[in-house]
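Chains as they are written, first to last, in this note's numbering: chain A, -13 to 249; chain B, 47 to 375.
First comes the structure, then the notes that go with it.
In structure tokens, the structure reads:
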């Protein structure tokens, strides 16, 4: 057990060393979200009205969730790259814990996600966002974001062990994450969406996560009074969705990894 | 907890080992017994089953039939114990391009559960020994193929395991590095390490292996010490090089009375290799060739080599083509 944990840490350190070698690997979780903050805060901020508050306070909760959702591309690409090279065979002949390879990827990617959350929070503070709820609520908010990050890392790992080439991860990630994060309360209050899309957005876990984060940080949520159940109970719905994702993605990833490395 | 199921005390032992990919048997009915502290050389063409054998013995793939023991542990039921006792240098260098050479060795050492300071020390020694100390702190993706290969070999030795598998260890190495690897193998064996290596170079098998097993189409078709193998196919060879390929037929005619077996013509090389009877005088051969009007460029007699053994038992010379072909099926 302890040996397994230390193997995972050794491999996580290996993945972090890769990031030191190719810092541009981190662009999607560092510069890209900052760019989104600036674009939305200054370009759309003037035209999008948020009931009960200003747009910049509303925006950051959404961008945090969106950035974490796109964060699946990193783990997917790095595990897919490993699987196309001989290095996995080396690991499989070593007396290390079998789980350490996947757990090492997971730990390194979570570290990247934490960095992204930190950078975004700081950029938010600079453009006028803030946490107006108590410390306890703020911690719950960040805790939720971390749980969601964990779920997205596992989705990324699943995609990574499934696709045949590392380049494919980016495509799959965009197809999956773009619609989900845009047909949601990420950037605009859902009350303004056309019928059909509005219902989709109400049940979209991304909306619930953004709403839960905003609630915990004391930011405006712009949830209509007659919104569907998930938005009335965003924390509960978010946690359930994350649990469901993990319950499906973890075993599928392990199975996919075993398939890719069998014989 | 683990089933060890031990037996004689051989470092490597297989019984009726076989591996099937779909309908195709990559390996079948393999019985090996490698005594501790010796070198077994697996010889064969690409696709003969050499890499499959190594993958089975290093727990990378699971046997379809039969059983195998490495360092006394069953490769299926006690795979984790096998892994603790082996070092592997695969055909495709299995090192991390985005780490430095030193970081690769230290990581692999730590994963063998060697304490960090010792892993660092061993890594330094091995980098020195394999002549990559100058590049130790450069990223491996900047290494040449030969350097990568040497790093891979160093990685297989980092934990000083009792059993080492080397899959075509000198392919792609320059002669100096090749010689150095031979020295390393010699030292390891003197220290009691058991080595299984595959090779396409017969001189390499001759120089390093205590025992040789020739594989062909997944079956072991000959085995023994190098000298046993050479003896079984008879003693001397006559090698004749002719002016053009058209002269091979009259040359065969001319030497038939001196031959102890079928002469092997080699069209492209304009060459004829003839297993020689005892007490044949070279001058008689030359006269016979002359009488048939053969223009011989060169005639020489020599001892049988492993090359000849290989030619006899597989019907073709070991040719190098795509080394990846055999890796995955």
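Yeah, the Cβ is synthetic: ideal placement off N, Cα and C, and Gly gets one too.
Only a predicted model underlies this, so the values are computations on that prediction, with no experimental measurement involved.
Going along the chain, which residues of its own chain have a beta-carbon closer than 6 angstroms to the beta-carbon of residue 62 (chain A), five neighbours each way excluded?
Your numbering for residue 62 (chain A) matches position 76 in the first chain. Around residue 62 (chain A), the same chain offers 142, 145, 146, 155 as residues with beta carbons nearer than 6 angstroms, after the five sequence neighbours per side are excluded.
CB-CB under 7 angstroms to residue 90 (chain B), same chain, minus the five flanking residues each way: which ones, in chain order?
On the second chain, residue 90 (chain B) is found 44 positions in, with the first residue counted as 1. Within the same chain, residue 90 (chain B) has close Cβ partners 96, 260, 261, 262.
Assign residue 98 (chain A) to buried or exposed, taking buried as 16 or more other Cβ atoms, counted over all protein chains shown, within 10 Å of its Cβ.
If you number the first chain from 1, residue 98 (chain A) lands on position 112. With 16 or more Cβ atoms within 10 Å of its Cβ, residue 98 (chain A) is classed as buried.
Could you check which residue in A:79, A:52, A:111 has the C-alpha nearest to that of residue 129 (chain B)?
The residue labelled residue 129 (chain B) in the question sits at position 83 within the second chain. Nearest of A:79, A:52, A:111 to residue 129 (chain B), Cα basis: A:79.
Does any residue of chain A bring its CB to less than 8 angstroms from the CB of residue 213 (chain B)?
As a working note, residue 213 (chain B) is residue 167 in the second chain. False, the Cβ-Cβ gap to chain A never drops below 8 angstroms.
When burial is assigned at 16 or more other CB atoms within 10 Å of the CB, is residue 81 (chain A) buried or exposed?
The sequence position of residue 81 (chain A) within the first chain is 95, counting from 1. Buried, because 16 or more other Cβ atoms sit within 10 Å of the Cβ of residue 81 (chain A).
In the structure shown, what three-state DSSP assignment does residue 327 (chain B) receive?
As a first step, residue 327 (chain B) must be located in the second chain, where it is residue number 281. In the structure shown, residue 327 (chain B) sits in coil (DSSP, three-state: anything other than H, G, I, E or B).
Label residue 229 (chain B) either buried or exposed according to how many other C-beta atoms from any shown protein chain fall within 10 Å of its C-beta, with 16 as the threshold for buried.
On the second chain, residue 229 (chain B) is found 183 positions in, with the first residue counted as 1. With fewer than 16 neighbouring CB atoms inside 10 Å of its own CB, residue 229 (chain B) falls in the exposed class.
If you measure beta-carbon to beta-carbon, which residues of the region 112 to 137 of chain B are closer than 9 angstroms to chain A?
126, 127, 128, 129, 130, 131, 132, 133, 134, 136, 137
What residues in the region 141 to 158 of chain B have a beta carbon less than 8 angstroms from any beta carbon of chain A?
141, 142, 143, 144, 145, 149, 153, 154, 156, 157, 158
Determine the DSSP secondary structure at residue 368 (chain B), reduced to helix, strand or coil.
As a working mapping, residue 368 (chain B) is identified with position 322 in the second chain. A caution first: residue 368 (chain B) carries a pLDDT of 40, below 50, which makes its placement in the model too unreliable to give a value.
With residue 208 (chain B) and residue 57 (chain B) assumed to form a contact (beta carbons below 8 angstroms), what rounded beta-carbon distance in angstroms separates them?
To locate residue 208 (chain B), count along the second chain from 1; it is residue 162. To locate residue 57 (chain B), count along the second chain from 1; it is residue 11. Right, the Cβ-Cβ distance comes to about 7 angstroms (below 8 angstroms), so this counts as a contact.
Using CA coordinates, which residue listed in B:317, B:175, B:347, B:284 is at the minimum distance from residue 231 (chain B)?
As a position in the second chain, residue 231 (chain B) is number 185, starting the count at 1. When each option's Cα is compared against that of residue 231 (chain B), the closest is B:175.
Beta-carbon separation of residue 217 (chain A) and residue 194 (chain A) under 8 angstroms?
Counted from its first residue, the first chain places residue 217 (chain A) at position 231. Counted from its first residue, the first chain places residue 194 (chain A) at position 208. Yes, they are a contact pair.
Going by DSSP, which residues form a beta bridge with residue 113 (chain B)?
Along the second chain, one-based indexing puts residue 113 (chain B) at 67. B:61.
Nearest CA to the CA of residue 20 (chain A): which residue from A:221, A:167, A:53?
Indexing the first chain from 1 puts residue 20 (chain A) at position 34. Nearest neighbour of residue 20 (chain A) by Cα position, chosen from A:221, A:167, A:53, turns out to be A:53.
Could you name the residues of the same chain whose beta carbon sits closer than 6 angstroms to that of residue 66 (chain B), not counting the 5 residues immediately before and after it, in chain order?
On the second chain, residue 66 (chain B) is found 20 positions in, with the first residue counted as 1. Cβ neighbours of residue 66 (chain B) beyond the five flanking positions: 110.
For residue 90 (chain A), tell me which candidate among A:170, A:-4, A:13, A:204 has the shortest Cα-Cα distance.
For the purposes of this step, residue 90 (chain A) is identified with residue 104 of the first chain, where counting begins at 1. Comparing Cα positions, the closest option is A:-4.
My assumption, with CB atoms under 8 angstroms, is that residue 377 (chain B) sits in contact with residue 61 (chain B). Please give the rounded CB distance.
No information on residue 377 (chain B) is available, as it lies outside the stretch 47 to 375 that chain B covers here.
Just to confirm before moving on: does the CB-CB distance between residue 149 (chain B) and residue 75 (chain A) stay below 8 angstroms?
The residue you call residue 149 (chain B) lines up with position 103 of the second chain. The residue you call residue 75 (chain A) lines up with position 89 of the first chain. Contact flag unset, no.
Does the CB of residue 291 (chain B) have a neighbour CB from chain A at under 8 angstroms?
Start at 1 with the first residue of the second chain, and residue 291 (chain B) comes out as number 245. Judged by the 8 angstroms Cβ criterion, residue 291 (chain B) is not in contact with chain A.
At the 8 angstroms Cβ level, is residue 139 (chain B) part of the contact set with chain A, yes or no?
The residue labelled residue 139 (chain B) in the question sits at position 93 within the second chain. Judged by the 8 angstroms Cβ criterion, residue 139 (chain B) is in contact with chain A.
Could you tell me the distance, in whole angstroms, from the CA atom of residue 254 (chain B) to the CA atom of residue 287 (chain B)?
Locating residue 254 (chain B) in the second chain gives position 208, where the first residue counts as 1. Locating residue 287 (chain B) in the second chain gives position 241, where the first residue counts as 1. Whole-angstrom Cα-Cα distance: 30 angstroms.
What did DSSP end up calling residue 268 (chain B) once you bin it into helix, strand or coil?
For the purposes of this step, residue 268 (chain B) is taken as residue 222 along the second chain, with counting starting at 1. In this structure, residue 268 (chain B) counts as strand in the three-state DSSP scheme.
Counting only Cβ pairs nearer than 7 angstroms, list the residues of chain A close to residue 106 (chain B).
Translated into positions along the second chain, residue 106 (chain B) becomes position 60. Within chain A, the residues near residue 106 (chain B) are 75, 78, 79.
Whole angstroms are fine: how far does the CA of residue 81 (chain B) sit from the CA of residue 53 (chain B)?
Reading the second chain from its first residue, position 7 is the one you call residue 53 (chain B). Reading the second chain from its first residue, position 35 is the one you call residue 81 (chain B). With a pLDDT of 49 at residue 53 (chain B), under the threshold of 50, the predicted position of this residue should be treated as unreliable, and no value is reported.
Listing by chain order, which chain B residues have their CB less than 8 angstroms from the CB of residue 153 (chain A)?
Along the first chain, one-based indexing puts residue 153 (chain A) at 167. Against chain B, the beta carbon of residue 153 (chain A) has no neighbour under 8 angstroms; the closest one sits roughly 17 angstroms away.
Closer than 7 angstroms by beta-carbon distance: list the chain B residues that pair up with residue 7 (chain A), in chain order.
The residue you call residue 7 (chain A) lines up with position 21 of the first chain. The answer, in chain order, is 144, 185.
Do residue 309 (chain B) and residue 326 (chain B) count as a contact pair if the criterion is CB distance below 8 angstroms?
For this step, residue 326 (chain B) is matched to residue 280 along the second chain. For this step, residue 309 (chain B) is matched to residue 263 along the second chain. No, the Cβ-Cβ distance between residue 326 (chain B) and residue 309 (chain B) is not below 8 angstroms.
List the residues of chain B whose Cβ lies closer than 8 angstroms to the Cβ of residue 92 (chain A), in chain order.
Stepping through the first chain from its first residue, residue 92 (chain A) is reached at position 106. Chain B residues near residue 92 (chain A): none, gap ~17 angstroms exceeds 8 angstroms.
Between residue 72 (chain A) and chain B, is there a C-beta pair that is closer than 8 angstroms?
Residue 72 (chain A) sits at position 86 when you count from the first residue of the first chain. True, the Cβ-Cβ gap to chain B drops below 8 angstroms.
Within a Cβ cutoff of 8 angstroms, which residues of the same chain sit near residue 323 (chain B), ignoring the five residues on either side of it in sequence?
Indexing the second chain from 1 puts residue 323 (chain B) at position 277. Spatial neighbours of residue 323 (chain B) in its own chain (CB-CB distance under 8 angstroms, excluding positions within 5 residues in sequence) are listed in chain order as 304, 305, 306.
By the three-class DSSP mapping on this structure, what secondary structure does residue 48 (chain B) have?
Residue mapping note: residue 48 (chain B) aligns to position 2 of the second chain, counting from 1. Unreliable placement is indicated for residue 48 (chain B), whose pLDDT of 41 sits below 50; the coordinate value is still reported in the next sentence. Reduced to three states, the DSSP call for residue 48 (chain B) is coil.
If you draw a straight line from the alpha carbon of residue 179 (chain A) to that of residue 193 (chain B), how long is it in whole angstroms?
Counting from one through the first chain, the residue named residue 179 (chain A) turns up at place 193. Counting from one through the second chain, the residue named residue 193 (chain B) turns up at place 147. Cα-Cα distance, rounded: 60 angstroms.
Looking at the structure shown, is residue 9 (chain B) part of a helix, part of a strand, or coil, going by DSSP?
Residue 9 (chain B) is absent from the model: chain B starts at 47 and stops at 375.
Tell me, which residues are paired with residue 23 (chain B) by DSSP?
Because residue 23 (chain B) is not part of the residues shown, which for chain B are 47 to 375, the question remains open.
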